[in-house]
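Structure first, commentary second.
Numbering (this note's numbering), first residue to last: 186 to 438.
See the structure below:
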């Protein structure tokens, strides 16, 4: 049965949770995606098979959660993720962040490192509002965004265009992670495809070069696209979570 969490900001966050051993696994989805995606469901099935606690949820304005997508921004979605992780899980968690979820998982690791046992990122898109959107806009698009408060961009994933708001861009600047030191004291496994046209390989390289930590690895998959949802890619996600768990067990031993 669908469950909901009421946040301190008054947002209603839809989530699915299974009980199991810790550290649990939390899936953080991408921009305009939801908790019913292929990766989220595959990882839940894996967690269930292995008796591992698992949580997936929808940010506000996404999926079954309250709010309109165009009203949201990175700061809101980070607050949603933090509320879900802090209130719905016990002990440190392994965060699996896809695309924008990778950025939000990095924000969570920076703000609450004691709550994050490990990180697995899939085509992580840190700072994409600034580096992937604003920098790519023409002067005419920037002017329209500032004057009208939003612009519509075509999407290869939907017939509906992406509506990008001025608030999304301006709020994103308050949550950048590649402009200041980023210490990740937990095991980190980054996954990236070479055929990703939304988040190029250079972003993954920039992230692993920028971040500091004792145990970080980047795995590059030739030909994998941004969805990273082929059977082989899904197995790689599961294997990466398992390797983080094994590293944590060796550290505790």
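The C-beta atom is built at its ideal place from N, Cα and C for all residues, glycine as well.
Taking 7 Å as the threshold (C-beta atoms), are residue 422 and residue 377 in contact? Taking the first residue of the chain shown as 1, we reach residue 377 at position 192. Taking the first residue of the chain shown as 1, we reach residue 422 at position 237. No. Outside cutoff.
Which of helix, strand or coil DSSP assigns to residue 400: Looking up residue 400 in the chain shown gives position 215. Three-state DSSP puts residue 400 in coil, outside helix and strand.
The beta strand (DSSP E) with residue 201 in it runs from where to where? Translated into the one-based positions of the chain shown, residue 201 becomes position 16. Its beta strand (DSSP E) spans residues 197-203.
Where does residue 275 fall in DSSP's three states? The count along the chain shown starts at 1 and reaches residue 275 at position 90. Residue state, collapsed to three classes: coil.
Please report the distance separating the alpha-carbon of residue 293 from that of residue 214. Locating residue 293 in the chain shown gives position 108, where the first residue counts as 1. Locating residue 214 in the chain shown gives position 29, where the first residue counts as 1. A direct Cα-to-Cα measurement between residue 293 and residue 214 gives close to 14 Å.
Residues near residue 247 in its chain [Cβ-Cβ closer than 6 Å; skip 5 each side]: The residue you call residue 247 lines up with position 62 of the chain shown. 219, listed in sequence order.
Per DSSP, residue 212 is paired with what? Mapped onto the chain shown, residue 212 falls at position 27. Bridge partners of residue 212: 241, 281.
Kindly indicate the opening and closing residues of the beta strand (DSSP E) around residue 303. To locate residue 303, count along the chain shown from 1; it is residue 118. Note, residue 303: beta strand (DSSP E), 301-307.
Which same chain residues end up closer than 7 Å to residue 197 when comparing Cβ atoms and leaving out the 5 residues on each side of it in sequence? Counted from its first residue, the chain shown places residue 197 at position 12. Once the five neighbours on either side are set aside, the close Cβ partners of residue 197 are 189, 191, 250, 251.
contact_flag[the stretch 353-368, the stretch 268-281] where n(CB pairs < 8 Å) is 3 or more: For the pair of segments examined, the stretch 353-368 was found not to touch the stretch 268-281: the number of CB pairs separated by less than 8 Å stays below three.
Which residue comes first and which comes last in the alpha helix (DSSP H) that contains residue 326? Position 141 of the chain shown, counted from the first residue, corresponds to residue 326. Start and end: 324-333.
Starting from residue 352, follow the alpha helix (DSSP H) in both directions and report where the run begins and ends. Within the chain shown, residue 352 is the residue found at index 167, counting from 1. It spans 351-357 - the alpha helix (DSSP H) in which residue 352 sits, taken as one unbroken run.
From residue 401 to residue 295, what does the alpha carbon distance come to, in whole angstroms? Position 216 of the chain shown holds residue 401. Position 110 of the chain shown holds residue 295. Each residue's alpha carbon lies about 15 Å from the other.
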